[in-house]
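Trainee:
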Amino acid sequence: MNLYSVIVCYNPDWNHVLSNLIQVLSKSGVKAVVVDNSDESLELTGDCDFEYLSFNVNLGIAEAQNRGIKLALNQGAQAIVFFDQDSLIKEGFIQTLISPVIDKDEDIVAPIFKSIKYGFYYDILSCLPSGGLKKIPPEKGRDFYTNIAISSGTVVNSSVFSKVGLMNSELFIDYVDTEWCLRAYHYGFKVYVNTSAVMEHEIGDHTISIGRYSVPVHSPQRRYYRLRNSFILARFTHVPRKLMIREVIFSFLHHLVLIYFEGKKIDYLKSMYCGVRDGVLNRSGKHDLCE
Numbered sequence: 001m002n003l004y005s006v007i008v009c010y011n012p013d014w015n016h017v018l019s020n021l022i023q024v025l026s027k028s029g030v031k032a033v034v035v036d037n038s039d040e041s042l043e044l045t046g047d048c049d050f051e052y053l054s055f056n057v058n059l060g061i062a063e064a065q066n067r068g069i070k071l072a073l074n075q076g077a078q079a080i081v082f083f084d085q086d087s088l089i090k091e092g093f094i095q096t097l098i099s100p101v102i103d104k105d106e107d108i109v110a111p112i113f114k115s116i117k118y119g120f121y122y123d124i125l126s127c128l129p130s131g132g133l134k135k136i137p138p139e140k141g142r143d144f145y146t147n148i149a150i151s152s153g154t155v156v157n158s159s160v161f162s163k164v165g166l167m168n169s170e171l172f173i174d175y176v177d178t179e180w181c182l183r184a185y186h187y188g189f190k191v192y193v194n195t196s197a198v199m200e201h202e203i204g205d206h207t208i209s210i211g212r213y214s215v216p217v218h219s220p221q222r223r224y225y226r227l228r229n230s231f232i233l234a235r236f237t238h239v240p241r242k243l244m245i246r247e248v249i250f251s252f253l254h255h256l257v258l259i260y261f262e263g264k265k266i267d268y269l270k271s272m273y274c275g276v277r278d279g280v281l282n283r284s285g286k287h288d289l290c291e
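Once you know that position 23 of the sequence shown is 23 in the UniProt record's numbering, the rest is easy, because the numbers rise by one and skip nothing.
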């Protein structure tokens, strides 16, 4: 199978993280396409064969993925697997991940994720017809279907893009994978969760513990996109209204927790105000806070 990988990065640690990922991919027979959202191009070293796209501007994850997808498709990719710059995979992961694509003709396959810090497996989310979210604890060896997956580690058969379309660049960063997966589900594609394929992953810069809950911490700018885009989900008919309302409420509460517990309270207040304002006014794309 002619397999490509699209890796979106922003000011990455090339020598310690990104180059290791590309080396593992190269050994697995995967052609990597690195799309760099940094303001300055990387000075790359190493002998791995990969494509490097740099535009010296932050295009957002959606548009960056689209640029990589188009290049891969133009070069004859039969399937594309997506990664972040800090994705951690081991040799053999790719072969395990894509086995349902080859053996079972699955079109979209996602791995399961293990916490680097705590060692537990993250629940997989599935959107119910009502718009509610169901948490599915993964068990190795018991594969299942869902309709929501994060992009990192997910492999997509190239034929899916001609039917579903590319990522929505208006979202810029947050909910990009959620919106695309629900759009794919609307067109009849499910996400096959391959519980034999395991990636190590950590959500947020760090977490705040409140009782039995761990709240991930993101920057004020990132929280702006999360809150704003939760409102923008309302424009998509394939996104259940109940899910959109839930995300607005949870994003707002998440913001309040960060304002209370974190420093930069003014920045978080500003990002909350701007996120609500721009979400209500249906502003999309790239925006700096209160620009």
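Cβ atoms here follow ideal geometry from the backbone N, Cα and C, with glycine treated the same way.
The structure displayed is predicted, hence computed values, not measured ones.
According to DSSP, D36 sits in a beta bridge with which residue or residues?
Mentor: Answer by DSSP bridge pairing, in chain order: C9 and S54.
Trainee: Measure the Cβ-Cβ separation of N66 and L182 and say whether it is below 8 Å.
Mentor: No. Outside cutoff.
Trainee: Helix, strand or coil: how does DSSP classify E291 here?
Mentor: In this prediction, E291 scores a pLDDT of 49, lower than 50, which makes its location untrustworthy; the coordinate-derived value is nonetheless stated afterwards. Residue state, collapsed to three classes: coil.
Trainee: Counting along the chain, where does the beta strand (DSSP E) carrying N194 start and finish?
Mentor: Segment V191 to H201, the beta strand (DSSP E) holding N194.
Trainee: Using only alpha-carbon positions, find the residue among R226, P137 and V6 that is nearest to S87.
Mentor: Taking only the C-alpha atoms, the option nearest S87 is V6.
Trainee: What are the start and end residues of the beta strand (DSSP E) that includes C127?
Mentor: Its beta strand (DSSP E) spans residues I124 to C127.
Trainee: Pull up the CB-CB distance for T154 and F82, whole angstroms please, since I reckon it's below 8 Å.
Mentor: 6 Å between Cβ atoms; contact.
Trainee: With a CB to CB cut of under 8 Å and the five nearest residues on each side skipped, what residues in its chain are close to R222?
Mentor: Once the five neighbours on either side are set aside, the close Cβ partners of R222 are I173 and D174.
Trainee: Taking L44 as part of the alpha helix (DSSP H), name the residues at either end of that continuous run.
Mentor: Unbroken run through L44: none, as it is neither H nor E.
Trainee: Take N2 as the anchor and find which of E40, I80 and H238 has the nearest alpha-carbon.
Mentor: Out of E40, I80 and H238, I80 has the C-alpha closest to the C-alpha of N2.
Trainee: Exposed or buried, P129, counting other C-beta atoms within 10 Å across all chains shown (16 or more means buried)?
Mentor: With fewer than 16 Cβ atoms within 10 Å of its Cβ, P129 is classed as exposed.
Trainee: Can you list, in chain order, the stretches of the alpha helix (DSSP H) that have 4 or more residues and sit fully within the segment 153-184?
Mentor: Those alpha helix (DSSP H) runs which fall completely within the segment 153-184 and span 4+ residues are 159-164.
Trainee: Quick check on DSSP: helix, strand or coil for K70?
Mentor: Three-state result, K70: helix.
Trainee: Measure from the alpha carbon of M244 to the alpha carbon of each residue in L21, C127 and A72, then state which is nearest.
Mentor: Closest by alpha carbon: C127.
Trainee: Helix, strand or coil for D267 per DSSP?
Mentor: Helix at D267.
Trainee: Taking E51 as the reference, which of E40, A72, D39 and E262 has the closest Cα?
Mentor: Comparing Cα-Cα distances from E51 to each of E40, A72, D39 and E262, the minimum goes to A72.
Trainee: Which residue marks the beginning of the beta strand (DSSP E) containing V81, and which one marks its end?
Mentor: Here the beta strand (DSSP E) through V81 covers A79 to D84.
Trainee: Please report the straight-line C-alpha distance between H254 and D267, rounded to a whole angstrom.
Mentor: Each residue's Cα considered, the two are about 14 Å apart.
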